[in-house]
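First to last, the sequence lines map onto chains A and B.
Per my numbering: the first sequence = residues 512 to 641.
Per my numbering: the second sequence = residues 512 to 641.
Don't be surprised by glycine CBs; every beta carbon is placed ideally from N, CA and C.
There are 2 protein chains.
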Amino acid sequence: MGHPIKTLIKQADEAIALQDLKKLMDFYADDAILVVKPGVVARGKEQIEPAFHRILEYYRGEMRPSQKEMVILEAGDTALVLAHTMVETPLMTDSPYPAERKATYVFRKNKDGDWLCAIDNSYGTELLLL
Amino acid sequence: MGHPIKTLIKQADEAIALQDLKKLMDFYADDAILVVKPGVVARGKEQIEPAFHRILEYYRGEMRPSQKEMVILEAGDTALVLAHTMVETPLMTDSPYPAERKATYVFRKNKDGDWLCAIDNSYGTELLLL
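What follows is the structure in structure tokens.
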């Protein structure tokens, strides 16, 4: 088997493909943040769920993220995930947002020992201007 | 002014330039990890301090890291820092390790409200093979 975080990310990707946003929210910490696009951040589940709703609308409901290679750097109750992420959107061929990304995710272990996503930044270091 | 984490990173960079490893360790959580180079991770202060000692020896004691642009993504007591990092090493001109990097650092706030570095990965998403 692999790292439990790999399983969680796979399940979250499946929830996005199924447009099951209630299930998707189970993977986030209450105070998590999502980088919606460079310069735009959704804060907390109350902003992340509607943000995903708008992202799915933008992609006409056809969005299938998947992760190829992943590197997990774990320090106690904190983990940094580096991922080669693919975002397949069959109905949308002219988006300015890249289909292939080097993503950075931060996970935190809660008191029950469960990993939750605290920072979801699929744009990785591309947020830097250089 | 700016984010307190920016000040901490500046002070840590100064401690490296001064080869003051005792002071440098103040910026790390006890269970922090440092990516020494791709594939090599130092775990905990007891490994990070000797790892920095070897890094400084490798660079013949002349290592001056600095950060240009930084993006800080903060979620409660966790923060992901993306940084355009420069590593000046005037006495070492033939190193295979890049002088210019897109780094990823994870900081965690402790019970006293102080930010500490939990994950120090100056190689960013370059750790992915793609």
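Interface flag, residue i vs chain A, CB-CB below 8 Å
i: Ala553(B); result: no
is_contact[residue i, chain B] using C-beta, thresh 8 Å
i: Lys622(A); result: no
i: Val598(A); result: no
i: Lys613(A); result: yes
i: Arg619(A); result: yes
One or two residues paired with residue i in a DSSP bridge
i: Phe618(A); result: Ala590(A) and Cys628(A)
i: His595(A); result: Lys613(A)
i: Met581(A); result: Ala594(A)
Minimum C-alpha distance to residue i - residue among the options
i: Glu637(B); options: Leu602(B), Cys628(B), Leu593(B) and Thr604(B); result: Leu593(B)
i: Val598(B); options: Ile516(B), Gln522(B), Ile527(B) and His514(B); result: Ile527(B)
i: Leu627(A); options: Ala543(A), Glu585(A), Gln530(A) and Leu532(A); result: Ala543(A)
i: Asp631(B); options: His514(B), Val552(B) and Leu532(B); result: Val552(B)
i: Gly635(B); options: Asp625(A), Tyr616(A) and Gly550(A); result: Tyr616(A)
i: Pro576(A); options: Leu529(A), Glu557(A) and Gly624(A); result: Leu529(A)
i: Leu519(B); options: Met603(B), Gly550(B), Gln578(B) and Pro549(B); result: Gln578(B)
i: Met500(B); options: Glu580(B), Asp531(B), Asp537(B) and Gly572(B); result: In the structure as shown, chain B begins at 512 and stops at 641. Residue 500(B) is therefore absent and cannot be evaluated.
i: Met536(B); options: Glu585(B), Gln522(B) and Lys548(B); result: Gln522(B)
i: Glu580(B); options: Thr600(B), Arg554(B), Ala610(B) and Thr596(B); result: Thr596(B)
i: Val546(B); options: Ala590(B), Thr600(B), Tyr608(B) and Ala586(B); result: Tyr608(B)
i: Leu567(B); options: Asp588(B), Thr600(B) and Ala614(B); result: Thr600(B)
i: Glu611(B); options: Asn621(B), Leu640(B), Gly513(B) and Met574(B); result: Met574(B)
i: His643(A); options: Leu532(A), Glu585(A) and Leu584(A); result: Because chain A is modelled from 512 through 641, residue 643(A) falls outside the range shown and cannot be assessed.
i: Ala540(B); options: Asp623(B), Leu640(B), Arg619(B) and Leu639(B); result: Arg619(B)
i: Ser633(A); options: Lys534(A), Pro515(A), Gly550(A) and Gly513(A); result: Gly550(A)
i: Ala586(B); options: Ala586(A), Leu639(A), Lys517(A) and Ile559(A); result: Ile559(A)
i: Ile583(B); options: Ala562(A), Leu639(A) and Asp588(A); result: Leu639(A)
Interface positions of the region 575-595 of chain B facing chain A (Cβ-Cβ less than 7 Å), listed along the chain: Glu580, Val582, Leu584, Ala586, Gly587, Thr589, Leu591, Leu593 and His595
Going along the region 520-547 of chain B in order, which residues come within less than 9 Å of chain A, judged by CB to CB distance? Residues Ala540, Asp541, Asp542, Ala543, Ile544 and Val546.
Taking only runs that begin and end inside the region 540-575 of chain B, name each unbroken alpha helix (DSSP H) of 4 or more residues, in chain order. 556-569
For the region 629-641 of chain B, which residues have a CB atom closer than 7 Å to at least one CB atom of chain A, in sequence order? Ala629, Ile630, Asn632, Gly635, Thr636, Leu638, Leu639, Leu640 and Leu641
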